[in-house]
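Residue numbers (our numbering): 50 to 517. The beta carbon of each residue, even a glycine, is placed where N, CA and C say it ideally should be.
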Amino acid sequence: MKRYTLFIGGKPVETVRHADILNPSTGDVVGAMPLATVGDLDAAVTAATAAFEKWQWKSSLELADACRAIAAKIEENSEDLARLLTLEQGKPLNGLGSRFEIGGAVAWTRHTAEIELPVEVLQDTPEGRVELHRKPIGVVGSITPWNWPVMIACWHIIPAIRAGNTVIIKPSPQTPLSTIRLVELMNEVLPAGVVNVVTGENEIGAAMSAHPGIAKLTFTGSTSTGKKVMANAVDTLKRLTLELGGNDAGIVLPDADPKEIAEGLFWGAFINNGQTCACLKRLYVHDSLYDAVCESLVAYAANIPVGDGLSEQSILGPVQNRMQLDIVASYVEDARAKGGRVLIGGQSNGGTGYFYPITIVADVDHGCKLVDREQFGPALPIIRYSDLADVIAKANDNPAGLGGSVWGRDAARAKQVAGQLECGTVWINKHGAIQPNAPFGGVKQSGIGVEFGVDGLKEFTTIQTVFC
Ligand code: NAD
């Protein structure tokens, strides 16, 4: 079993303590995660601060080249990274799994390399010239979750360094190993200290949020942890980007074709086993086609192979950890107790690994956990509606506001309904699609700020207004 190390100031750093990381498919130990101390975090802040002295003055061309070199490194090592990701996260190599995630990390890195933030001239008149300059912020702290650890690490690190900042990343203690490997690879092409990794339990995240040497924190995780990050950041007035939990609604309009939309609905809800922030988590279907949509979805779901992530046949894998498995199972039980009709799945097989079957529950409504809370797992509630105004109000009746979707043949009508949803992204006849040139972020309690594209890059800068 491999003992991993921290990576600080361009060098591996040993720790005294370690914790075993388990394969969610088998329960086997995959490797040992180093448990950093607050002293290690301080060392990382010192290294990142020293690296920032030079990195902040690199030209846009040099910064873009560094990101291109990282993309090439990840690509060269993609199969090894994908296997490590599967071993610790559980997601299959195939389907929308580990190879897809590593490919996404490369694509986002390449795209971000090409984004420029040129000086904007706000005024150039005889009265004077006013320019808007974008400057890096300093040392950026990055805290990531366990669902898409490599891709999200790149969503944090690449725009941060592209804009001239240096970074300390702390991955989830559930999936730290692929991030350590990613940072090692980045360090093969970056100067020492530009990207550092510290791993350990949650208190390292809390210490980062409060650390006076960290100027900005970019956090992806649950809403409850995001609130703690914000509270801990208050004394240092850190800049924050918070990408938090979602409870995305999808509304199927009466003119939709149940067979045509089944595949899109399924993957909207079950990509990464439902462990995705912008998964379709509540599906509202018009009474007139309710049974037909349920039937097509169940028929599609029944043919998806679920199994050990390392098997080339698996398209979905296990839930990532025991705690999440228990949450999903308990929400399904609550729905059943409140009259929910389980159409498929609904019972853990109790064997090796954290497997829970693809589960679809009909005849549920608000007032049960599977609808009101974020299940973050392979269980989808389907709610019947008959009045459009009522269903829009219900879709909006949730503190989360990450994504939402509307499904129907009349695209203009669907778009008109979509505009009434309180969320950061809406999709028509699809759910969850993201791309590196389109800003993504939550409204309400799903977050603050956006990632991706020009707007995402700007979050890693401060404005300096120059009157000349
Ligand atoms: P989590 O909030 O439990 O953990 C996220 C990270 O925060 C981990 O690295 C964890 O160690 C760290 N952490 C824990 N306590 C902390 C503290 N007090 N201070 C600072 N950091 C702390 O989330 P998770 O279970 O890993 O991920 C699932 C959640 O993430 C879901 O709610 C999901 O919707 C959300 N998510 C959101 C997005 C988005 O873009 N909006 C993307 C992916 C996941």
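Host beta strand (DSSP E) of residue i (start-end)
i: residue 430; result: 428-434
i: residue 422; result: Note, residue 422: premise wrong, no beta strand (DSSP E); not H, not E.
i: residue 476; result: 474-477
i: residue 361; result: Looking at the DSSP string, residue 361 is not in any beta strand (DSSP E), and its letter there is neither H nor E.
i: residue 245; result: 244-246
i: residue 512; result: 510-516
i: residue 69; result: 66-71
i: residue 107; result: Element bounds for residue 107: n/a, residue is neither H nor E.
i: residue 411; result: 408-411
i: residue 268; result: 265-269
i: residue 82; result: 78-84
C-beta atoms of residue i and residue j nearer than 7 Å
i: residue 510; j: residue 288; result: no
i: residue 245; j: residue 93; result: yes
i: residue 345; j: residue 406; result: no
i: residue 451; j: residue 495; result: yes
i: residue 147; j: residue 134; result: yes
i: residue 368; j: residue 426; result: yes
i: residue 55; j: residue 342; result: no
i: residue 234; j: residue 107; result: no
i: residue 410; j: residue 430; result: yes
i: residue 403; j: residue 365; result: no
i: residue 291; j: residue 480; result: no
i: residue 228; j: residue 195; result: no
i: residue 488; j: residue 475; result: no
i: residue 249; j: residue 467; result: no
i: residue 166; j: residue 512; result: no
i: residue 116; j: residue 162; result: yes
Enclosing alpha helix (DSSP H) for residue i [first to last residue]
i: residue 454; result: Careful: residue 454 lies outside any alpha helix (DSSP H), inside the beta strand (DSSP E) at 452-456.
i: residue 208; result: 198-211
i: residue 379; result: 371-386
i: residue 251; result: 251-259
i: residue 349; result: 339-350
i: residue 404; result: Looking at the DSSP string, residue 404 is not in any alpha helix (DSSP H), and its letter there is neither H nor E.
i: residue 319; result: 307-319
i: residue 441; result: 437-445
i: residue 507; result: 502-507
i: residue 277; result: 272-281
i: residue 160; result: 147-162
i: residue 227; result: 226-236
i: residue 131; result: 127-138
Pick from the options that is closest to residue i, judged by C-alpha positions
i: residue 101; options: 478, 70, 229 and 185; result: 185
i: residue 226; options: 52, 297, 403 and 479; result: 52
i: residue 74; options: 348, 68, 401 and 286; result: 401
i: residue 491; options: 106, 80 and 271; result: 271
i: residue 436; options: 449, 301, 314 and 472; result: 301
i: residue 324; options: 291, 286, 504 and 370; result: 370
i: residue 201; options: 418, 483, 213 and 441; result: 483
i: residue 258; options: 237, 243, 218 and 242; result: 218
i: residue 189; options: 90, 146 and 274; result: 90
i: residue 317; options: 362, 331 and 337; result: 331
i: residue 421; options: 169, 478, 466 and 298; result: 298
i: residue 254; options: 215, 192 and 374; result: 192
i: residue 187; options: 514, 98, 305 and 231; result: 98
i: residue 337; options: 432, 322 and 243; result: 432
i: residue 130; options: 110, 111, 116 and 151; result: 151
i: residue 58; options: 481, 395, 489 and 243; result: 243
i: residue 449; options: 82, 304, 64 and 424; result: 424
i: residue 394; options: 352, 363, 387 and 434; result: 352
i: residue 348; options: 408, 293 and 334; result: 408
i: residue 514; options: 149, 172, 412 and 163; result: 172
i: residue 145; options: 361, 505 and 466; result: 361
i: residue 473; options: 70, 283, 497 and 78; result: 497
i: residue 334; options: 252, 326 and 414; result: 414
i: residue 198; options: 214, 176 and 222; result: 222
i: residue 503; options: 68, 477, 211 and 339; result: 211
i: residue 164; options: 113, 77 and 180; result: 113
Bridge partners - residue i, DSSP secondary structure assignment
i: residue 219; result: 192
i: residue 175; result: Answer is none; residue 175 lacks a bridge partner.
i: residue 301; result: 334 and 456
i: residue 60; result: 57
i: residue 391; result: 410
i: residue 497; result: 291
i: residue 489; result: 500
Heavy atom of the ligand GDP within 6 Å of residue i beta-carbon
i: residue 376; result: As far as ligands go, the structure on display features the ligand NAD and does not contain the ligand GDP.
Does the segment 379-396 touch the segment 452-471, meaning 3 or more C-beta pairs lie closer than 8 Å?
-> no
Check whether the segment 137-152 touches the segment 356-364, taking contact to mean three or more Cβ pairs, one atom from each stretch, closer than 8 Å.
-> yes
Count the CB pairs spanning the segment 193-207 and the segment 154-165 that are closer than 8 Å, and state whether there are at least three.
-> yes
Any 3 or more C-beta pairs closer than 8 Å across the segment 124-132 and the segment 239-253 = no
Would you check if there are 3 or more beta carbon pairs closer than 8 Å linking the segment 278-288 to the segment 249-268?
-> yes
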